[in-house]
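Counting in the working numbering, the sequence shown runs from 14 upward without gaps. Glycine included, each C-beta is placed from N, C-alpha and C at the ideal position. To keep things clear, I will list the structure first and then write my remarks on it.
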Amino acid sequence: MNGRLVPFKNAKVHVLTHALHYSTSIFEGIRCYNTPNGSAIFRLSEHTDRFFNSAKMYGMKIRYTKKQINDAIIKTVKASKLKECYIRPLAYYGYGTMGLTPTLNKVDVSISCWKWKMGESKAGKVSGAKCKISKWIRIDSRSQPMQAKSAANYSNAALARVEALKSGYDEAIMLNYKGNVAEGSAENIFIVKNGVIKTPPLTADILNGITRDSVIKLIKSKRKLVEKNITVNELLKADEIFMTGTAAEVKSVTKINKTTIGNAKPGKITKELQKSFMDVVMGKNPKFLSWLKYI
């Protein structure tokens, strides 16, 4: 927290922390994998770049350099003694002056890590996830910057996730204001039709996911990929659907609302990409070794 290592149980903030009241925070989700060659953080520099870009979009001045943040992430993971973990850098307006205007308060930065349990990302790894098309519309980028990974965006996503879970589904799929497919509550989405893989473009009010980017690069090395707006009709008629995210990695979707996708099992291309992605994060693909920061 703000440059000092703090025991996990003592990492506390004041109840009048500005971000707690007004969602004035940005964050990242990063994975460290226990590879055959030791613990490695996946695409650390790209995550830190996005962290700073998110801050910039919100006019938030981080008082550390990118190198200091990278070094602090590594230091925090080492101090945790965890071989494999989820990492959460967070920048937020802290305790100071209460009121809507955030800039009267300093920006605090924390980096946390914890043991990752498959939990909510389990559905879709072995069996396919069941998804509900949410009644909640994905926030329009004319309302707030959707390319920023900000806490404010995730209240929208949380509404969709809870709605899906209460209805007996594993995950939500959100549409944008044009009625096209945007993304899941915390994942980007891809469809497969007749061997062609499609995914919504960044202009569809989606987050520029780092796992999304990784999977796109993997796909383009072997197959055709098209970034285009996807209608609900195209979604429901897909041969395969999969989602990507730091927590989810690559997960299959086999049901949307009452419609079964494919043969109700993870598809061939999805399973290939699941394996290819895990090979990358485990350091088994020489082409993408630069994505791993061994610590």
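Using C-beta distances below 6 Å, list every residue in its chain close to residue i, excluding the 5 sequence neighbours before and after it, in chain order.
{"i": "LYS143", "result": "TYR182, ASP183 and LYS268"}
{"i": "ARG56", "result": "ILE223 and TRP304"}
{"i": "SER198", "result": "ALA170, ALA173, ARG174 and ALA185"}
{"i": "ASP292", "result": "ASN298"}
Mind reading off the beta-carbon distance from residue i to residue j? Whole number of angstroms is fine, and I expect it under 8 Å.
{"i": "SER58", "j": "ILE39", "result": "SER58 to ILE39, Cβ: 17 Å. No contact."}
{"i": "GLY222", "j": "THR257", "result": "6 Å"}
{"i": "GLU253", "j": "GLY280", "result": "3 Å"}
{"i": "PRO102", "j": "ILE124", "result": "5 Å"}
Determine the closest residue to residue i out of the options, with distance taken between C-alpha atoms.
{"i": "THR61", "options": "ILE82, TYR190 and LYS179", "result": "ILE82"}
{"i": "LYS69", "options": "GLY222, LYS162 and SER36", "result": "LYS162"}
{"i": "GLU176", "options": "LYS288, LYS145 and ILE202", "result": "LYS145"}
{"i": "ALA261", "options": "SER303, TYR190 and VAL139", "result": "VAL139"}
{"i": "THR30", "options": "ARG56, GLY72 and MET111", "result": "MET111"}
{"i": "TYR105", "options": "LYS79, THR37 and LYS179", "result": "THR37"}
{"i": "LEU113", "options": "ILE124, TYR35 and TRP129", "result": "TYR35"}
{"i": "PHE255", "options": "PHE290, SER234, LYS271 and LYS235", "result": "PHE290"}
{"i": "ILE210", "options": "ASN169, LYS94 and LEU286", "result": "LEU286"}
{"i": "SER234", "options": "LYS179, LYS300 and MET159", "result": "LYS300"}
{"i": "MET73", "options": "LYS119, ASP84, ASN47 and ALA85", "result": "LYS119"}
{"i": "ALA32", "options": "PRO20, ASP121 and ASN15", "result": "ASP121"}
Would you kindly report the start and end of the unbroken alpha helix (DSSP H) that includes residue i?
{"i": "VAL90", "result": "79-93"}
{"i": "LEU248", "result": "245-249"}
{"i": "ILE282", "result": "281-294"}
{"i": "SER227", "result": "223-233"}
{"i": "SER58", "result": "57-70"}
{"i": "ASN47", "result": "Element bounds for ASN47: not the alpha helix (DSSP H) but the beta strand (DSSP E), 43-48."}
{"i": "VAL175", "result": "164-179"}
{"i": "TYR108", "result": "Element bounds for TYR108: n/a, residue is neither H nor E."}
{"i": "ALA32", "result": "31-35"}
Report all residues from its chain with a CB closer than 7 Å to the CB of residue i; omit the five preceding and five following residues, and keep chain order.
{"i": "ASN367", "result": "Because the chain here runs from 14 to 308, residue 367 falls outside it and cannot be looked at."}
{"i": "LEU117", "result": "GLY109 and THR110"}
{"i": "LEU249", "result": "ILE269 and THR272"}
{"i": "ALA195", "result": "ARG151, MET187, LEU188, ASN189, PRO213, ALA217, ASP218 and ILE219"}
{"i": "TRP127", "result": "CYS98 and TYR99"}
{"i": "ALA92", "result": "LEU18"}
{"i": "PHE65", "result": "ILE75 and LYS79"}
{"i": "LEU95", "result": "CYS126 and LYS128"}
{"i": "TYR77", "result": "VAL122"}
Considering just the uninterrupted stretch of the beta strand (DSSP E) at residue i, what are its terminal residues?
{"i": "PHE255", "result": "253-258"}
{"i": "ALA195", "result": "194-197"}
{"i": "LYS268", "result": "262-269"}
Excluding the 5 residues preceding and the 5 following residue i in the sequence, name in chain order all residues of the same chain whose CB lies nearer than 8 Å to its CB.
{"i": "VAL90", "result": "CYS45, SER52, ILE54, CYS98, ILE100, CYS126 and ILE308"}
{"i": "VAL263", "result": "THR224, VAL228, PHE255, MET256, THR257, THR283, LEU286, GLN287 and PHE290"}
*Any chance the segment 274-283 sits against the segment 191-210, with 3 or more Cβ pairs inside 8 Å?*
yes
*Can you find at least 3 beta carbon pairs, one from the segment 224-239 and one from the segment 163-175, that sit closer than 8 Å?*
Proximity of the segment 224-239 to the segment 163-175 falls short of the contact definition, fewer than three beta-carbon pairs being nearer than 8 Å.
_Touch test, the segment 146-160 against the segment 40-52, Cβ-Cβ under 8 Å, three pairs minimum_ = no
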